[in-house]
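Step one of this worksheet: look at the structure below.
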Amino acid sequence: MAKFLITTVDPRTDEVVPLHYDNSDSSLTDLHGQSLVRTVDASLRSTPASAPVTSKDTPLGKTSPRVLKISLGLSCNYACEYCSQRFVARNVDTNPEDVDGFLASLKDWVMSPPEAIEFWGGEPLVYIKTLRPLAQALREKYPEARFSVITNGSLLSPSTNQWLDDLGFTVSVSHDGPGQHVRGPDPLAEPDSRAAILDLYRRLAPKERFSFNAMLNRENQSRAAIQSFFVELTGDSDVHIGEGGFVDAYDSGGISQSLRPEEFHSFRRQAFHDIRNGKADRIASVRDRVTSFVNSLRFKRPASSLGQKCGMDRHDSIAVDLKGNVLTCQNVSATALAPNGESHRIGHTSQLDQVALRTATHWSHRSECPNCPMLQICKGACMFLEGPLWEVSCNNAYSDALPIFAAGIEFLTGLVPVYIEGDLPDARKDVFGFVHPTPADGSHKAKPFPIPVVAA
Ligand code: SF4
Ligand code: SF4
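Residues in the sequence shown are numbered consecutively from 208, following our numbering.
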């Protein structure tokens, strides 16, 4: 765990103000140890539980699921450039005949109704003949569970939309807005799928059950442009945009869509500019992560309570296929191996007490994360990546988290971090590329503001 000396600048006066940030107890103080944040009184905060720490040698078990992720298979009618599933070894696909056996097994391992059930592909609507009877039966069995599905939107139709609406689904359409051409085919370019997507939007958006999910990559760096795209498409300034973070690198396509070192600073400046000027306020990864980071400082959230960003290292988050195989997560298959050589099939629902997540590494078992100032925002990138793919994903995640970090600190103190001193690589210290470095002795005047306006 680590403490950092942060050089900040007051954009109203150009005054340079040094402060300390500690990622282990989420304290933000002046150099005399006085808190710069009005923290919530200790008597009013509950102590958060420690997160489970999983690794190959200390595998995590699973319990009856609070969040149940059902993988229908990895088939997809698209082949997107940076898809996390693109090179995952495929199972024999599941089919409608698997549904009855799966449903019959639930009584043995689902002890109380799940809060949320997610239906995953590949492209889940490729499996509509399986999805319909499965979701129908699960809706009867668990009437209160939140249902969700993420689709590329290309196979939506009026009758499928009606069914998704009737069953209470929340639907996310994966689409990168102005960067969709980088990702893959564009369902909005086809009149039928465009009409079906917008029909579903009109049905579900007023019920807050629809989002467009977009990802950033090196050819799609502007959240402001993404937000403008969807506001214009829907005519709705309150459009929900899910995800909105920078891609992880799962293969060579993901690496080629990752930031190059010479792009780190310009990306961070652009992202901070978009966030600071309210041009990314409809995007979940901005809204949720700024709120979460601000609250980490207000509630002094200990790092020990941090699980991985996706939550698949929780005991009660389970990904399964219809054959009952328990998987690392919904993006892998029972026949795939993780980078550490362990099978992504981590057990079977018939022996839930034997499930052991050996494919993942909690951030506390990585050498870099405990010493990273972005830990409270990033939470360790993808838990099963290793080697060069993890390093590239970590670099993306660092640059992605820094503008959130800066925005949260400015929101609370009026001060913008420009330089971070501590046990981290030199290349990570200069936040926006304004200083090399700015001395943090309080006497030095730097003038990095106004933040250069980056064309949207
Ligand atoms: S940016 Fe990298 S080192 Fe920092 S918490 Fe994320 S994955 Fe770990
Ligand atoms: S382990 Fe988590 S972050 Fe990694 S691919 Fe699976 S869901 Fe995504």
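Cβ atoms here follow ideal geometry from the backbone N, Cα and C, with glycine treated the same way.
**OP:** For the beta strand (DSSP E) containing asparagine 532, list its first residue and its last residue.
**Re:** Here the beta strand (DSSP E) through asparagine 532 covers 532-534.
Original post:
Which one of Arg353, Ser444 and Ser571 has the shortest CA to CA distance from valine 260?
Top reply: Checking every option, the nearest Cα to that of valine 260 belongs to Ser571.
Original post:
Roughly how many angstroms lie between the CA atoms of isoleucine 462 and valine 527, to the nearest whole one?
Top reply: For isoleucine 462 and valine 527, the gap between their C-alpha atoms comes out near 28 Å.
**OP:** Indicate the three-state DSSP secondary structure (helix, strand or coil) for valine 389 in the structure shown.
**Re:** Helix.
Original post:
Which residues in the same chain have their Cβ closer than 6 Å to the Cβ of leucine 564, if we skip the five residues on either side of it in sequence?
Top reply: Answer for leucine 564: Thr261, Pro266, Leu267 and Ile553, listed in chain order.
**OP:** Report yes or no: do the region 299-315 and the region 512-522 share at least 3 C-beta pairs separated by less than 8 Å?
**Re:** In short, these stretches do not touch, since the Cβ pair count stays below three.
**OP:** Pull up the distance between the alpha-carbon of aspartate 221 and that of aspartate 383, whole angstroms please.
**Re:** One C-alpha to the other measures close to 37 Å.
**OP:** Could I get the ranges of all uninterrupted beta strand (DSSP E) runs contained in the region 596-635, with 3 residues as the minimum, in chain order?
**Re:** As far as the region 596-635 is concerned, its whole beta strand (DSSP E) runs of at least 3 residues are 623-628.
Original post:
For leucine 678, which beta-bridge partners are listed by DSSP?
Top reply: Not covered by the structure: residue 678. The range shown for the chain is 208 to 663.
Subject >> Whole-angstrom C-beta distance between serine 606 and cysteine 589, which should lie under 8 Å >> reply: With 8 Å as the limit, cysteine 589 and serine 606 do not qualify as a contact, their Cβ atoms being about 16 Å apart.
Subject >> Test: valine 306 CB closer than 8 Å to a CB of chain D >> reply: Among the protein chains of the structure shown there is no chain D, as only one such chain exists.
Original post:
Under the DSSP definition of a beta bridge, which residues are partnered with tyrosine 228?
Top reply: Tyrosine 228 has Phe211 and Leu235 as its beta-bridge partners, per DSSP.
Subject >> Pair within 8 Å by beta-carbon distance, arginine 252 and phenylalanine 506 >> reply: In this structure, phenylalanine 506 lies closer than 8 Å to arginine 252 by Cβ.
Subject >> Chain-order list of residues whose beta-carbon lies under 8 Å from that of asparagine 284 (same chain, five-residue window excluded) >> reply: These residues qualify, in order along the chain: Glu330, Val333, Asn359, Ser361 and Leu362.
Original post:
Would you say phenylalanine 453 touches ligand 2, meaning its beta carbon is less than 7 Å from a heavy atom?
Top reply: False, no ligand heavy atom lies under 7 Å from that Cβ.
Original post:
Helix, strand or coil: how does DSSP classify histidine 555 here?
Top reply: Looking at histidine 555 - three-state DSSP - the assignment turns out to be strand.
**OP:** Could you have a look at lysine 586 and say whether DSSP puts it in helix, strand or coil?
**Re:** Correct three-state label for lysine 586: coil.
**OP:** Under the assumption that leucine 345 contacts isoleucine 324 (Cβ atoms under 8 Å), give the Cβ distance between them as a whole number of angstroms.
**Re:** Right, their Cβ atoms sit about 6 Å apart.
**OP:** Measure from the alpha carbon of phenylalanine 474 to the alpha carbon of each residue in His551, Leu341 and Phe639, then state which is nearest.
**Re:** It is Phe639.
Original post:
Name the DSSP beta bridge partners of arginine 353, please?
Top reply: Ala323, per the DSSP bridge assignment.
Original post:
So is the beta-carbon of glutamate 470 under 7 Å away from any non-hydrogen atom of ligand 1?
Top reply: Incorrect: glutamate 470 has no Cβ contact closer than 7 Å to ligand 1.
Original post:
What residue does the beta strand (DSSP E) around aspartate 528 start on, and which one ends it?
Top reply: Residues 524-528.
Subject >> Close Cβ partners of threonine 246 (< 6 Å) along its chain, the five nearest in sequence each way excluded >> reply: Only Arg505 and Lys507 meet the Cβ criterion.
Subject >> Inter-residue Cα distance where the pair is aspartate 458 and valine 389 >> reply: Cα-Cα distance, rounded: 15 Å.
Subject >> Element boundaries [beta strand (DSSP E), containing leucine 275] >> reply: First-last of the beta strand (DSSP E) with leucine 275: 274-278.
Original post:
Do aspartate 217 and lysine 530 have their C-beta atoms closer together than 8 Å?
Top reply: If you check the CB distance, aspartate 217 and lysine 530 do not come in under 8 Å.
Original post:
Cβ of serine 512 within 8 Å of Cβ of valine 295?
Top reply: Result no, Cβ atoms of serine 512 and valine 295 do not sit closer than 8 Å.
**OP:** Tell me, please, whether the region 398-414 touches the region 426-434 by the rule of three or more beta-carbon pairs shorter than 8 Å.
**Re:** By the Cβ criterion, the region 398-414 is not in contact with the region 426-434, since fewer than three pairs of Cβ atoms, one from each stretch, lie closer than 8 Å.
**OP:** Go ahead and label histidine 239 buried or exposed: buried means 16 or more other beta carbons lie within 10 angstroms of its beta carbon, across all protein chains shown.
**Re:** The residue is exposed, with fewer than 16 neighbouring Cβ atoms inside 10 Å.
**OP:** May I ask you to check if the CB of methionine 581 is nearer than 7 Å to at least one heavy atom of ligand 1?
**Re:** At least one heavy atom of ligand 1 is nearer than 7 Å to the Cβ of methionine 581, so yes.
Original post:
Taking DSSP as the reference, what is the three-state secondary structure of glutamine 515?
Top reply: If DSSP states are grouped into helix, strand and coil, glutamine 515 belongs with coil.
Original post:
Does the pairing of the region 604-619 with the region 566-586 give three or more beta-carbon distances under 8 Å?
Top reply: The region 604-619 makes contact with the region 566-586: 3 or more CB pairs, one atom from each, lie closer than 8 Å.
Original post:
Does DSSP classify valine 378 as helix, strand or coil?
Top reply: Correct three-state label for valine 378: strand.
Original post:
What is the DSSP secondary structure of lysine 652, reduced to helix, strand or coil?
Top reply: For lysine 652, the predicted model reports a pLDDT of 47, less than 50, meaning its position is unreliable and no value from the coordinates is stated.
Original post:
Do threonine 236 and proline 624 have their C-beta atoms within less than 8 Å of each other?
Top reply: 8 Å or more divides the Cβ of threonine 236 from the Cβ of proline 624.
Original post:
Cα separation between leucine 619 and serine 242?
Top reply: Leucine 619 and serine 242 have their C-alpha atoms roughly 11 Å apart.
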